Amino acid sequence: MKRAHSTALMLLVAAALTVPAGSGLRAQSSNNAQAQKPPEPMKLKVGDIAPDFTLLTTDGQGVKPISLHDYKGKKNVALAFYVFAFTGG
Amino acid sequence: MKAFQANLQKLEASDTQVLGVSVDTPFSNHKFAEENSVTFPLLSDPDGKTIDDYGLLRTMNVKGKDAVTGQEVSVPIKTARRATFLIDKDGKIIEESVDREAVDPTKIVEACERRRLGK
């Protein structure tokens, strides 16, 4: 039951994030005091060492871990953080 | 996400692996990747630990009607601030973009290409 409820909420989140600009939901968030603040400075700066991580991905066959250190000495990494996967960009 | 996919060839030609990170589960990421032809790995950080390590963990209050009770609700959800880091082979951050700027990967792609040509 709890799971069904949270699934319903996630669907609401999806709906809220896909409403067009100018709708009531966007108007509410632009009135939010947080939206008026200047952008926060970044914790990590150019020149800093990127924190290592091990996170899971899946290719549909199985779940596998990927770590930042897997690429050390081999490749650059473009690490893109998303609000949610299904949002723009 | 799709903007990075569109630039994937350029990034790979510059010896760069693209990785996406969000609080989504591996399975919802996989579904998204399949439906949108995203071929780079999408990593799942459901508890936000890595997102927090990078200083990007945010609480978003999502407002709407509860689908079950019909009542107005505001649901706090932990998620990531939009940002991209370009990390070199030594593990050092060499370029970063945040918020609106991070939606367009041009800055990151150009930094990769400059680096490739410089070597």
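The listed protein sequences correspond, in order, to chains X and P. Quick note on numbering: the first sequence equals residues 2 to 90 in our numbering. Quick note on numbering: the second sequence equals residues 4 to 122 in our numbering. All C-beta atoms, glycine included, are put in the ideal place defined by N, C-alpha and C. A quick note: this is a predicted structure, and the numbers were derived from the prediction, not measured.
Item to check | Residues of the region 11-28 of chain P whose Cβ lies closer than 8 Å to any Cβ of chain B, in chain order | outcome: Among the chains of the structure shown, chain B does not appear; the protein chains present are X and P.
Next on the checklist: If I measure Cβ to Cβ from Q29(X) and keep anything under 8 Å in the same chain, skipping five residues before and after, which residues do I get?
Outcome noted: For Q29(X), the predicted model reports a pLDDT of 48, less than 50, meaning its position is unreliable; a value from the coordinates is still stated below. Nothing listed; no residue qualifies.
Checklist entry - Closest Cβ-Cβ distance between R27(X) and chain P: below 8 Å? => result Low confidence applies here, because R27(X) scores a pLDDT of 47, under 50, leaving its location unreliable; read the following figure in that light. For R27(X), no CB of chain P lies under 8 Å from its own CB, so it is not counted at the interface with that chain.
Checklist entry - Does any CB atom of chain X fall closer than 8 Å to the CB of P123(P)? => result Absent from the structure is residue 123(P), since the part of chain P shown begins at 4 and ends at 122.
Next on the checklist: Below 9 Å on C-beta distance, what does A9(P) contact in chain X?
Outcome noted: Listed along chain X, no residue sits closer than 9 Å to A9(P) by beta-carbon distance, the nearest being about 11 Å off.
Checklist entry - Distance, Cα to Cα, V84(X) vs T82(P)? => result One C-alpha to the other measures close to 6 Å.
Checklist entry - Mind pulling the beta strand (DSSP E) runs of 3 or more residues that sit fully within the region 9-43 of chain P? => result Contiguous beta strand (DSSP E) elements confined to the region 9-43 of chain P occur at 19-25, taking only those with 3 or more residues.
Item to check | DSSP-derived helix/strand/coil call for G74(X) | outcome: If DSSP states are grouped into helix, strand and coil, G74(X) belongs with coil.
Next on the checklist: Suppose contacts are defined by Cβ-Cβ distances below 8 Å. Is L45(P) in contact with R84(P) by that definition?
Outcome noted: R84(P) sits away from L45(P), with the two beta carbons spaced by 8 Å or more.
Item to check | Spatial distance of A22(X) from M4(P) (CA atoms) | outcome: At A22(X), the pLDDT of 46 sits below 50, so the modelled position is not reliable; the number obtained from the coordinates is stated separately. A direct Cα-to-Cα measurement between A22(X) and M4(P) gives close to 20 Å.
Checklist entry - Between I54(P), K52(P), G73(P) and T87(P), which lies nearest to N77(X) when the distance is taken from Cα to Cα? => result From the listed residues I54(P), K52(P), G73(P) and T87(P), the smallest Cα separation to N77(X) is found for T87(P).
Checklist entry - Does DSSP put T62(P) in a helix, a strand or coil? => result T62(P) falls in the strand class under three-state DSSP.
Item to check | Cutoff 7 Å; reference D117(P); Cβ partners in own chain excluding five residues on either side | outcome: Reading off the sequence, residue 117(P) comes out as Arg, not Asp. So the list is empty, once near-sequence residues are dropped.
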